[in-house]
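Residue numbers (UniProt numbering), protein chains in the order written: chain A, 1 to 136; chain B, 1 to 136; chain C, 1 to 136; chain D, 1 to 136; chain E, 1 to 136; chain F, 1 to 136.
Each residue gets a CB set at the ideal place from its N, CA and C atoms; glycine is no exception.
Just so you know, these numbers come straight off a predicted model, no measurement behind them.
As structure tokens, the structure follows; a few thoughts come after it.
6 protein chains.
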Amino acid sequence: MSTVTKTENPEASPRVKAVFDDIRTTRKSDFINNMWLYLAFDPDLLEKTWAEVKAVMATPSALDPLVKEMLYIAVSVTNGCSYCAHSHTAAAKAKGMTGEQHADLMRVIALAAKTNQLAVALQLPVDAAFDADRQS
Amino acid sequence: MSTVTKTENPEASPRVKAVFDDIRTTRKSDFINNMWLYLAFDPDLLEKTWAEVKAVMATPSALDPLVKEMLYIAVSVTNGCSYCAHSHTAAAKAKGMTGEQHADLMRVIALAAKTNQLAVALQLPVDAAFDADRQS
Amino acid sequence: MSTVTKTENPEASPRVKAVFDDIRTTRKSDFINNMWLYLAFDPDLLEKTWAEVKAVMATPSALDPLVKEMLYIAVSVTNGCSYCAHSHTAAAKAKGMTGEQHADLMRVIALAAKTNQLAVALQLPVDAAFDADRQS
Amino acid sequence: MSTVTKTENPEASPRVKAVFDDIRTTRKSDFINNMWLYLAFDPDLLEKTWAEVKAVMATPSALDPLVKEMLYIAVSVTNGCSYCAHSHTAAAKAKGMTGEQHADLMRVIALAAKTNQLAVALQLPVDAAFDADRQS
Amino acid sequence: MSTVTKTENPEASPRVKAVFDDIRTTRKSDFINNMWLYLAFDPDLLEKTWAEVKAVMATPSALDPLVKEMLYIAVSVTNGCSYCAHSHTAAAKAKGMTGEQHADLMRVIALAAKTNQLAVALQLPVDAAFDADRQS
Amino acid sequence: MSTVTKTENPEASPRVKAVFDDIRTTRKSDFINNMWLYLAFDPDLLEKTWAEVKAVMATPSALDPLVKEMLYIAVSVTNGCSYCAHSHTAAAKAKGMTGEQHADLMRVIALAAKTNQLAVALQLPVDAAFDADRQS
Chain A
1 MSTVTKTENP EASPRVKAVF DDIRTTRKSD FINNMWLYLA FDPDLLEKTW AEVKAVMATP
61 SALDPLVKEM LYIAVSVTNG CSYCAHSHTA AAKAKGMTGE QHADLMRVIA LAAKTNQLAV
121 ALQLPVDAAF DADRQS
Chain B
1 MSTVTKTENP EASPRVKAVF DDIRTTRKSD FINNMWLYLA FDPDLLEKTW AEVKAVMATP
61 SALDPLVKEM LYIAVSVTNG CSYCAHSHTA AAKAKGMTGE QHADLMRVIA LAAKTNQLAV
121 ALQLPVDAAF DADRQS
Chain C
1 MSTVTKTENP EASPRVKAVF DDIRTTRKSD FINNMWLYLA FDPDLLEKTW AEVKAVMATP
61 SALDPLVKEM LYIAVSVTNG CSYCAHSHTA AAKAKGMTGE QHADLMRVIA LAAKTNQLAV
121 ALQLPVDAAF DADRQS
Chain D
1 MSTVTKTENP EASPRVKAVF DDIRTTRKSD FINNMWLYLA FDPDLLEKTW AEVKAVMATP
61 SALDPLVKEM LYIAVSVTNG CSYCAHSHTA AAKAKGMTGE QHADLMRVIA LAAKTNQLAV
121 ALQLPVDAAF DADRQS
Chain E
1 MSTVTKTENP EASPRVKAVF DDIRTTRKSD FINNMWLYLA FDPDLLEKTW AEVKAVMATP
61 SALDPLVKEM LYIAVSVTNG CSYCAHSHTA AAKAKGMTGE QHADLMRVIA LAAKTNQLAV
121 ALQLPVDAAF DADRQS
Chain F
1 MSTVTKTENP EASPRVKAVF DDIRTTRKSD FINNMWLYLA FDPDLLEKTW AEVKAVMATP
61 SALDPLVKEM LYIAVSVTNG CSYCAHSHTA AAKAKGMTGE QHADLMRVIA LAAKTNQLAV
121 ALQLPVDAAF DADRQS
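This is how it looks when you write it as structure tokens:
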């Protein structure tokens, strides 16, 4: 079930084919997951979303690729995105996340959810020491 | 403003004093932030919360301390916890997060929020390839 | 699967039948979707929920019916409500939402989720110019 | 700061005055909090919102008034609503919530946030035993 | 589908067996639900999570066990946790939640979600009267 | 308070100045709000965020500019983003949102939050009729 119809034969569109080819080349794999198959309903949305994912996630940057996947998982879980929890956990494992790291990730994001709840419930005033403008 | 009254002279309670002393020792700093000052309204809640934060965040584990702080930020921001965004960003900087890493963290969590929204809006079916039971 | 038992033969209850009849009349359709079939476990909750949905969504008001459906989708997706994303996307299509409008809706709500994440992460102070009391 | 302008002299409107009078009578207090003062910008929205709050929260029902306030706090905190966390914690105290109950409420909602995070991260399949239709 | 592989024969691990035995004893039931079966991938995470759930939910405290289950439902629903909504609704029914109480719970958490939305949309300033420090 | 330091004299950077100039030209106003002033800490993040906001929000598309602002408000409120609720409500008013439309927007997003909560609490199965693949 989905809210848009999966395009039949999406690569008949040259714009879609170009994106799919780039996904295959970038990932060194023939597998195209549903995110891209369904986004093909609008080639502009497909192109721009892939371009941003490639720039942020598949381009060397200040953070390690596995760290970026784990951050993605943290956000996806907190947002309750089932598809994203699945796809980014699979991606993190493909990038080498060990069972110990996975369990540690669980511990950190579970604790964060818990103390977030306490801080909001108590409506804690922010300590002046945390103000970035004051620190500069 | 807060929803519990800040305890006056909280260290008059030996249980509270013991926790505050451990916070100061663990962090090598005299600063006690509002999270702990306000949790002092219930010594049991204070003790258990600090024990878990210490075990998960201040004990060597499979993930790097800075990575754990960045994961904490990712969850806190997604939950909209103002206090937590402030306190954990300050903690990440104290653990060496550079400006480039901070900007990269912003890029990843902003992109994750965006593609989460798309995946939920499209109600994407989860690819069978992402099933951990199938992978084993 | 659900957390309440679907009532067998719900229209045996005159209160439930009256609501279902009004749904059919208002929508000019015999289809009663699961929202109402399951809410039938409590006729008072069913009556009041339908009355509010009818008043807000099926009564002419300052906003166009299709715009109201798209706003409903925006909230439902952000809340991660799978049932609601499905039902209100179907409703928006029934009210004439085109593929281009659907893609545009995706672009706007995805961008909003992204910049929300940035604004919360940066803990931006609200500009005085945005204060409604100041504008009056 | 707010996004609507606070109405000056709101009780000049007979519809607003009638709602405010009913709030004062129902609560046996002259205090009108900002929720109602700002909703006065649209008398219809004010009337309907107050009518529902009165029906659900100020009318005897299957749940105890204090339990209902604590449930309200649980939802408000999880949604990150600062105003609501404040107003409903104050209401719960006015209805007799003790410090021990307050701390227990904190423990439960913090644990729930934590295990929610784990269940979503693990993408746990729902046990068949939890299906209400199966239980009937 | 899940993001971790379900451990085959988990009770071969003495640490896992000890937790499962305690779950069976505490609950007076042989049924072990998926939460614990999947958490068995990391015995430390399993032990600590169960210990906290037992301490908070299965130990007499200032709040009634059924009230605690309903609070758990309120948080779980607001977080959109499907597994948790199912498991805690089943638990609440097992602890005696009646149909009337269930419907009342629905009314309260639905209203809370609605007024949370209004309070955030209006960006209501918090009334000084709600400040706990001022009340003390 | 914020988590990044506001750059002093940001337009000393040619990249920042170019973005700010484009903001002023696009909006026909000299006012630069905090979103852009604080994002100046990383010119790349500033450029890309503004480029996307301009493409989606300030370029003619299938949806009306005011509708897009109201969708932005719906997402921002549901995410609890205080800054965004303020900035996009101000933007919607600048684009002509009337008081009646504002109240109607409140009614729709409040109702959506309420029925989202019910649908998640009941864990409603999605009706087959809502499946886009089936509709095609």
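Over what stretch of residues does the alpha helix (DSSP H) that includes residue i continue unbroken?
| i | result |
| --- | --- |
| B/N34 | N34 to L39 |
| B/Q117 | G99 to L122 |
| F/L45 | P43 to M57 |
So what does DSSP say about residue i, is it helix, strand or coil?
| i | result |
| --- | --- |
| F/C81 | coil |
| D/E8 | coil |
| F/D21 | helix |
| B/K28 | coil |
| A/S87 | helix |
| F/K68 | helix |
| E/V16 | helix |
| A/A129 | helix |
| B/K93 | helix |
| D/S61 | coil |
| B/S76 | helix |
Any Cβ of chain D within less than 8 Å of the Cβ of residue i?
| i | result |
| --- | --- |
| B/D42 | yes |
| E/M106 | no |
| F/A49 | Looking at the sequence shown, residue 49 of chain F is not Ala but Thr. Taking Cβ atoms only, chain D never reaches closer than 8 Å to F/T49, which makes this a no. |
| F/G96 | no |
| C/K6 | yes |
| E/A92 | no |
| E/S61 | yes |
I want to see whether chain A comes within less than 8 Å of residue i, judged by CB atoms only; does it?
| i | result |
| --- | --- |
| B/V53 | yes |
| B/V126 | yes |
| F/V16 | no |
| D/Q123 | yes |
| E/M57 | no |
| E/L45 | yes |
| F/T89 | no |
| B/E100 | yes |
Is the CB of residue i under 8 Å away from at least one CB in chain C?
| i | result |
| --- | --- |
| D/A132 | yes |
| F/I23 | no |
| B/I32 | no |
Nearest chain B C-beta to residue i closer than 8 Å, yes or no?
| i | result |
| --- | --- |
| D/M35 | no |
| C/N116 | yes |
| D/A103 | yes |
| C/A110 | yes |
| E/S13 | no |
| F/T3 | yes |
| C/V120 | yes |
For residue i, would you say it is in contact with chain E, using Cβ-to-Cβ distances shorter than 8 Å as the test?
| i | result |
| --- | --- |
| A/A85 | yes |
Closer than 7 Å to a non-hydrogen atom of the ligand FMN - does that hold for the CB of residue i?
| i | result |
| --- | --- |
| E/A74 | Because no ligand of any kind appears in the structure shown, any question about the ligand FMN cannot be addressed here. |
List, in chain order, every chain H residue whose beta-carbon is nearer than 9 Å to that of residue i.
| i | result |
| --- | --- |
| D/N79 | The structure shown contains no chain H; its protein chains are A, B, C, D, E and F. |
So is residue i in contact with chain F if we call contact Cβ pairs under 8 Å?
| i | result |
| --- | --- |
| D/M70 | no |
| C/V19 | no |
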